[in-house]
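In terms of this note's numbering, the sequence shown opens at residue 22 and continues consecutively. We put the beta carbon where it would ideally sit given N, CA and C, even for glycine. Scroll down for the structure; my scribbles are underneath it.
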Amino acid sequence: MTEPLPLEILKVHKKFKTGFLNLRSSVAVEDLSLSLRSNEIVGLLGPNGAGKTTTLKMVTGLIFPTAGRIRLFGEPVDTRVARARMGFLPENPYFYDYLTAEEFLHMTCGLADMPLAGRSGRVARMLRKLDIWHARALPMRKFSKGMLQRAGLAAALIHDPDLVILDEPLSGLDPIGRRDFREIILELKKNGKTVLFSSHILPDVEDLCDRVAIIVKGRLREEGSLSTLLEQGTRNTDIEIACPAGRQDQLASDFPELDRGATLSGFRLGVPTDVNLQEILRRLVKLEFEILSVRPHRISLEDLFVTTADVKSADEKSADEAVADGKPDDGVKEDVP
């Protein structure tokens, strides 16, 4: 029998009532579908207000979708058996500031119905793993932002969940804290866990994630493995040549259609995909330029993110203009009785 997926989001919509007397509605998430497999790390990306936190709150059962279904390990998200296999670190977790870190984790063990016999050992291991053992007897009101983040992650992992949901887990951490969190997230995958996390720190996403999903205006715009998405976004081929300073003006006049820039070892020419690469190489050889390297130029995750968000913004602007001109709008209408 096939093992159910850790997470299935199926055509989920979420609207919030807004305005005077709640007569209007705002669409936070629209027609979102996303599945997570076992033993993978998936990054959820999007600009502010894109619907990331709303999506994670629906996945954890804190709020419910207006339409669509969410399943954890084949079970509805609001069932106890499903939630028992999930750990969650919200972006702004709330702590009882009069509790010590040790007391807080013991309380979390109780909420997770962990056996009494193993609680003390598990709490001690998590305090050491998150490097807050030295502060275990301090009231949490004396913790720094980074220490609170460590305590929150310890609580999310205390019951050894199979699915871990993290909302901006690296925010507020110093470089050492970010390194420690990255190592823990990679260790979770190594141990067969599934991780879904949102972040604005794109280099960390590139380092950690097997796949990314980019949400803009509540809609899934891009989804796939990082290697596939970035290879699809290849924009040109970079030719690096040896170019004395006196010949750079010649490059500008002979190759005005190419992007140009200095490198540590020479000069770079960017050849767009619609330009004949072989012809450019032939001309360079004829002009007696020494060719140092030829390689495809892949876009970065930041390039992909910005391009995806900009394309969506342009689509929204076009839709708004169509409505202003009295043309039909295919988007979601506001519910006004």
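Next item on the list: State the Cα-Cα distance for the pair Leu28 and Leu174, rounded to the nearest angstrom.
Entry: When the Cα atoms are used, Leu28 and Leu174 turn out to be separated by approximately 20 Å.
Next item on the list: Mind checking which residues open and close the alpha helix (DSSP H) that includes Ala172?
Entry: Start and end: Lys166 to Leu178.
Next item on the list: Compute the Euclidean distance between the alpha carbons of Met107 and Lys214, then round it to the nearest angstrom.
Entry: So the two alpha carbons sit approximately 10 Å from each other.
Notebook entry, point to check: Short check: CB of Gly82 to CB of Val98, under 8 Å?
Noted result: Against a cut-off of 8 Å, the Cβ pair of Val98 and Gly82 comes out as a contact.
Margin query: Considering just the uninterrupted stretch of the beta strand (DSSP E) at His318, what are its terminal residues?
Written below: For His318, the uninterrupted beta strand (DSSP E) run begins and ends at Glu311 to His318, by DSSP.
Item checked: Cβ pair count under 8 Å reaching 3, the region 238-251 against the region 196-210 -> No contact exists between the region 238-251 and the region 196-210.
Item checked: Distance CB(Met161)-CB(Phe109) smaller than 8 Å -> The Cβ atoms of Met161 and Phe109 lie no closer than 8 Å to each other.
Next item on the list: Note down the Cα distance separating Thr75 from Asn257, rounded to an integer number of angstroms.
Entry: Thr75 and Asn257: Cα-Cα distance of roughly 37 Å.
Check: Quick one: what's got a C-beta closer than 7 Å to Val357's C-beta in the same chain, skipping five residues either side?
Finding: Here the model assigns Val357 a pLDDT of 35, short of 50, so the residue's position is not dependable and the matter cannot be decided.
Item checked: Helix, strand or coil at Glu323 according to DSSP, with G and I counted as helix -> The three-state reading of DSSP puts Glu323 in helix, counting H, G and I together.
Checklist line | Length of the line joining the Cα atoms of Leu191 and Leu313 | finding: The alpha-carbon atoms of Leu191 and Leu313 are separated by roughly 40 Å.
Next item on the list: Would you mind sorting Ser220 into buried or exposed? The rule is 16 or more other CB atoms within 10 Å of its CB.
Entry: Ser220 comes out buried.
Next item on the list: Take every Cβ of the region 308-323, pair it with every Cβ of the region 263-272, and state whether three or more of those distances are shorter than 8 Å.
Entry: With a cut-off of 8 Å, the region 263-272 and the region 308-323 count as touching, because enough Cβ pairs lie within range.
Check: Do Ile30 and Leu55 have their C-beta atoms within less than 8 Å of each other?
Finding: Contact flag set, yes.
Check: At a cut of 8 Å, does the region 140-147 reach the region 175-189 through at least three beta carbon pairs?
Finding: The region 175-189 and the region 140-147 touch, with three or more beta-carbon pairs separated by less than 8 Å.
Check: From Leu187 to Leu290, what distance separates their C-alpha atoms?
Finding: Leu187 and Leu290: Cα-Cα distance of roughly 41 Å.
Margin query: Whole angstroms are fine: how far does the CA of Ala176 sit from the CA of Thr129?
Written below: Taking the straight line joining both Cα atoms gives about 6 Å.
Note to self: Less than 8 Å between the C-beta atoms of Ala88 and His34, yes or no?
What the structure shows: In contact: Ala88 and His34 (Cβ atoms closer than 8 Å).
Notebook entry, point to check: Nearest-angstrom Cα distance between Arg200 and Asp225?
Noted result: Using only the alpha carbons, I get a separation of about 9 Å.
Next item on the list: Could you name the residues that DSSP lists as bridge partners for Arg90?
Entry: Bridge partners of Arg90: Leu31.
Next item on the list: Could you tell me which of Arg58, Glu61, Arg90 and Leu66 sits nearest to Leu328, measuring between CA atoms?
Entry: Reading off the sequence shown, one finds Thr at residue 328, where the question assumed Leu. If we check each option's Cα against that of Thr328, Leu66 comes out closest.
Check: Which of helix, strand or coil does DSSP assign to Ile235?
Finding: Reduced to three states, the DSSP call for Ile235 is strand.
Check: Between the C-alpha atoms of Ala49 and Leu298, what's the straight-line distance to the nearest angstrom?
Finding: Their Cα atoms are separated by approximately 45 Å.
Note to self: Quick check on DSSP: helix, strand or coil for Gly40?
What the structure shows: It is coil, neither helix nor strand.
Note to self: Does Asp336 come out as helix, strand or coil in the three-state DSSP assignment?
What the structure shows: With a pLDDT of only 48 at Asp336, under the threshold of 50, the placement of this residue in the model should not be trusted, and no figure is reported.
Check: Just curious, the beta strand (DSSP E) that Ala71 is in, first and last residue?
Finding: Note, Ala71: premise wrong, no beta strand (DSSP E); not H, not E.
Notebook entry, point to check: Quick one: what does DSSP say Leu207 is sitting in, helix, strand or coil?
Noted result: Looking at Leu207 - three-state DSSP - the assignment turns out to be helix.
Notebook entry, point to check: Quick one: what does DSSP say Gly291 is sitting in, helix, strand or coil?
Noted result: Here Gly291 carries a strand assignment [DSSP, helix/strand/coil].
Note to self: Taking its Cβ as the centre, do 16 or more other Cβ atoms sit within 10 Å of Glu300, making it buried, or is it exposed?
What the structure shows: Its Cβ having fewer than 16 others within 10 Å, Glu300 is exposed.
Notebook entry, point to check: Do the CB positions of Ser246 and Arg268 come within less than 8 Å of each other?
Noted result: Cβ distance not < 8 Å, so Ser246 and Arg268 don't count as in contact.
Checklist line | DSSP three-state assignment for Val98, whether helix, strand or coil | finding: Val98: coil per DSSP, three-state reduction.
Item checked: Glu252 (DSSP reduced to helix, strand or coil) -> Correct three-state label for Glu252: helix.
Margin query: Could you compute how far the alpha carbon of Leu322 sits from the alpha carbon of Glu227?
Written below: Taking the straight line joining both Cα atoms gives about 7 Å.
Next item on the list: Starting from the Cα of Phe116, find the closest Cα among Met79, Arg171 and Val216 and give me that residue.
Entry: When each option's Cα is compared against that of Phe116, the closest is Arg171.
Checklist line | Terminal residues of the beta strand (DSSP E) in which Ala283 lies | finding: Where Ala283 is concerned, the enclosing beta strand (DSSP E) stretches over Asp280 to Ala283.
Item checked: Residues near Asp259 by beta carbon distance below 8 Å, same chain, minus five either side -> The answer, listed in chain order, is Arg289, Leu290, Gly291, Val292, Ser314, Val315, Arg316, Pro317 and His318.
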